[in-house]
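Number 74 marks the last residue of the sequence shown (the UniProt record's numbering); no jumps.
Built from N, CA and C at the ideal position, the CB exists for glycine as well.
Since the structure comes first, as structure tokens, the remarks are kept for the end.
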Amino acid sequence: MKLEIKKIGNSTGVILPKELLARLKLAQGDWLHVTELPDRSVKLGPYDPDHAEAMEVARELFREYQDTFKALAK
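What follows is the structure, encoded as structure tokens:
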């Protein structure tokens, strides 16, 4: 699939065809997660708020118990 980069208002963007949105199970207002890969390509996927919340909890735990994790890593 080839998509054109267009000017949208004061921004620049890509308009996703409805077939792609349906395959990704995305709708207007949903979040799209973009991951840049080492070969300069990108991976697009639905944003997962449960995963983001779990990662934030993990970050807080790592900050709180950083000395313990350093000791365990030895």
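Checklist line | Inter-stretch contact (C-beta, 8 angstroms, three-pair minimum) for the stretch 46 to 60 and the stretch 24 to 33 | finding: They touch, by the three-pair rule.
Item checked: Three-state secondary structure assigned by DSSP to K43 -> Three-state DSSP puts K43 in a strand.
Item checked: CA-to-CA distance, P38 to G13, given in whole angstroms -> Pairing G13 with P38, the inter-Cα distance amounts to about 22 angstroms.
Check: So what's L16 in DSSP terms, helix, strand or just coil?
Finding: In this structure, L16 counts as coil in the three-state DSSP scheme.
Notebook entry, point to check: When the Cα atoms are used, what is the spatial distance from H51 to K7?
Noted result: About 32 angstroms.
Checklist line | Under 9 angstroms between C-beta atoms of L26 and P17 | finding: For L26 and P17, no; Cβs fall outside 9 angstroms.
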